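*Asks:* Residue numbers (my numbering): 2 to 115. Below is a structure I'd like to ask you about.
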Ligand code: AMP
């Protein structure tokens, strides 16, 4: 999608600090990290919000979570623990309207998140 910042990172038009990619998804470091490890896992397919998912997206959602698990291990935060966050729409804090899974680790996280 023309005006989507994550589509531009995926296409290479904008530079991202990419840590992993394959034919379905791209993972890159968050530009404003909220933890020592903060990676965004993003499908190549432009899907604006979680509300736009359909059953045909089941495989990519599953792959995003499994990729987060692998990257958490690669980044050395799997044993201590990590948080996965998915914001849906502005009320939940979504600012980029191309779905992305936040992987955060390397510090303690409270609950409830606030
Ligand atoms: P959300 O608030 O869930 O939509 O998360 C969007 C995330 O994208 C924020 O944590 C931003 O810091 C991050 N972000 C925005 N622009 C970029 C960029 N160019 N490269 C990497 N991360 C970005």
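For each residue, glycine too, the CB sits at the ideal point set by N, CA and C. Note that this is a predicted model, so its numbers are computed, not measured.
Say yes only if the C-beta of residue 94 is nearer than 6 Å to one or more non-hydrogen atoms of the ligand AMP, and no if none qualify.
*Replies:* Correct: residue 94 has its Cβ closer than 6 Å to the ligand AMP.
*Asks:* Under a three-way DSSP split, which group does residue 30 fall into?
*Replies:* If DSSP states are grouped into helix, strand and coil, residue 30 belongs with the strands.
*Asks:* Would you kindly work out how many angstroms separate the C-alpha atoms of residue 111 and residue 57, rounded to a whole number?
*Replies:* Using only the alpha carbons, I get a separation of about 34 Å.
*Asks:* From residue 36 to residue 108, what does the alpha carbon distance come to, in whole angstroms?
*Replies:* If I take the Cα positions, the gap works out to 6 Å.
*Asks:* Spatial neighbours of residue 97 within its chain, please: CB distance less than 7 Å, with the 5 preceding and 5 following residues excluded, ordered by chain position.
*Replies:* So the qualifying residues of the chain are 6 and 7.
*Asks:* Would the stretch 10 to 19 and the stretch 77 to 84 be scored as touching if the rule is three or more Cβ pairs under 8 Å?
*Replies:* Verdict: no, contact absent.
*Asks:* Report the residue ranges of all beta strand (DSSP E) runs contained in full by the stretch 45 to 109; include only those spanning at least 3 residues, in chain order.
*Replies:* As far as the stretch 45 to 109 is concerned, its whole beta strand (DSSP E) runs of at least 3 residues are 83 to 86 and 102 to 106.
*Asks:* Can you find the residues in the same chain that come closer than 7 Å, C-beta to C-beta, to residue 73, ignoring five residues on each side of it along the sequence?
*Replies:* These residues qualify, in order along the chain: 79, 83, 104 and 106.
*Asks:* For a quick check, are the C-beta atoms of residue 28 and residue 20 less than 7 Å apart?
*Replies:* Yes, the Cβ-Cβ distance between residue 28 and residue 20 is below 7 Å.
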